[in-house]
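Here is the structure we will look at, set down as structure tokens.
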Amino acid sequence: MREIAIEELTLGMCLSKDIYNDLGNIILSQGTEIAEKHLDYFRKHGIFFVYIDEIDEAISRESHRITMGNKLQELNDAYGNVLSQFKALYFEIQNRHFDFDASVVKEDLIALTDTLISDNDILGSLRIITINENYHFTHAVNVAMLSAMICKWLTLDKEMIYMAALSGLFHDIGKTQVSQELLFKSERLREEEFEQLKMHSRFGYESLKNNPTIPKEVLAAILFHHERSDGSGYPSGLREEQTPYLARIVAVADVFDAITSDKIYKKSVSSFKAFTIIKDESFRGLDPKIAEVFLSNIAAYFVNNRVRLSDGREGEVVYINKYALNRPLIKVSNAFVDLSMDYSIEIEEVIS
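Read in order, the letters of the sequence shown correspond to residues 1 to 352 in full-length UniProt numbering.
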């Protein structure tokens with residue numbers, strides 16, 4: 001391991017120490033291979049030196065270099081493999097074949113998870129997924145990815161990371177036993193219809209509880225991922241301390257992906273608006289500690305993103321206020337807009 005100036009870095013070198021931002025969160029992990037976007041980030045944030053592995057630079061560039069194109073292809077391939085496997089299992093379960101072997105998807109899911117957690121920029125990873133598929137399938141894979149990343153940020157071990165990914169993938173599998181007409185209804189559900197839909201968590205648990213290839217921790221996450229800290233959730237009205245930890249992790253991932261994805265009856269909201277929703281929910285429903293870790297780590301990657309404001313102006317996120325994560329400082333032309341001071345303006349959309 002040796003310290004090296006940013007100017008001497010070449011693409012493909014590997015970090016030998018974690019890099020932290022001023023929020024105290026890891027922004028790049030040990031083992032990350034340097035890409036062009038990382039060099040840009042270092043220059044803009046006054047990071048002048050990093051530690052790299054002491055191996056021959058020519059070998060490093062040849063054997064470890066990952067271009068953005070390769071990263072896109074690798075991630076899309078891994079995502080597509082999991083999606084295909086999950087769809088096949090989804091239809092098996094829909095036809096009430098509950099005795100499948102979950103190991104058929106575990107290998108591909110581990111490969112996707114390992115690709116994902118090598119870079120903390122989960123939103124950037126989700127943005128470069130080019131596969132177009134039904135929301136009910138992509139939501140499952142997205143929640144698997146988000147749940148795995150949350151576990152990494154919580155510094156949990158690899159076993160828990162993989163368990164969370166599997167929990168996220170199967171969390172809504174009970175919807176296979178819900179009326180498809182209800183599931184794909186384009187209007188908002190009536191109260192009695194919503195009560196029927198809420199049965200999906202029980203249906204999922206009941207469908208898989210006798211399958212020996214599904215861990216009990218995953219079954220608990222499937223059953224309880226809609227429980228809320230204040231007891232307002234379902235199916236059992238559990239409070240935070242009663243709800244299994246994996247279920248609380250999946251709950252945060254589920255809510256975030258649901259509100260930032262287009263649905264039949266509702267357009268998605270921006271990641272910044274989702275911040276506000278997650279923050280509000282953490283006061284009454286979602287686990288506040290898990291939500292805070294999730295939001296603070298996500299926030300680090302909004303810096304340098306171009307955004308469109310609610311007044312039509314476009315600008316660049318230049319600073320995240322750790323006391324108001326969803327209301328950053330925006331540079332618009334030659335002026336600065338501090339959203340933590342001006343609540344009349346919102347971020348409507350992340351452009352890039």
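Backbone N, C-alpha and C fix where the C-beta goes; we use that ideal spot for every residue, glycine too.
- In the displayed model, Tyr205 falls within a helix according to three-state DSSP.
- In the three-state reduction of the DSSP assignment, Lys331 falls in the strand class, which pools E and B.
- Taking the Cα of Leu309 as reference, the smallest distance to any Cα among Phe98, Tyr301, Glu92, Phe272 is reached at Phe272.
- Between the C-alpha atoms of Leu329 and Val307 there is a straight-line separation of about 11 Å.
- Ile161 counts as buried, since no fewer than 16 other beta carbons sit within 10 angstroms of its beta carbon.
- If you look at Arg96, you'll find it isn't in any alpha helix (DSSP H); DSSP assigns it neither H nor E.
- Between the alpha carbons of Glu133 and Lys279 lies a gap of roughly 29 Å.
- CA-CA distance, Ile4 to Ile52, rounds to 7 Å.
- In this structure, Ala111 lies near Asn81, with their beta-carbon atoms less than 9 Å apart.
- In this structure, Asn334 and Val317 do not form a Cβ contact; the two beta carbons are roughly 16 Å apart against a cut-off of 8 Å.
- The alpha-carbon of Thr176 is positioned some 47 Å away from that of His45.
- Note on geometry: alpha-carbon atoms of Thr260 and Val303 lie some 19 Å from one another.
- Here the segment 219-228 lies against the segment 243-250, with 3 or more beta-carbon pairs under 8 Å apart.
- Close CB contacts of Ser125 within its chain, under the 8 Å cut and outside five residues either way in sequence, are with Leu75, Leu116, Asp119, Met145 (chain order).
- At least 9 Å separates the beta-carbon of Val332 from that of Glu349.
- Going by DSSP, Phe49 is part of the beta strand (DSSP E) stretching over 49-52.
- For Leu325, the three-state secondary structure derived from DSSP is strand.
- In this structure, the beta-carbon distance from Leu9 to Leu39 falls below 9 Å.
- The Cβ-Cβ distance between Phe294 and Ala324 does not fall below 9 Å.
- Annotation: Val269 is outside any alpha helix (DSSP H) and is labelled neither H nor E by DSSP.
- Between the segment 209-216 and the segment 91-107 there are three or more inter-stretch CB-CB distances shorter than 8 Å, so the stretches are counted as touching.
- Under the three-state reduction of DSSP, Leu154 is assigned to coil, being neither helix nor strand.
- With 16 or more neighbouring CB atoms inside 10 Å of its own CB, Ile173 falls in the buried class.
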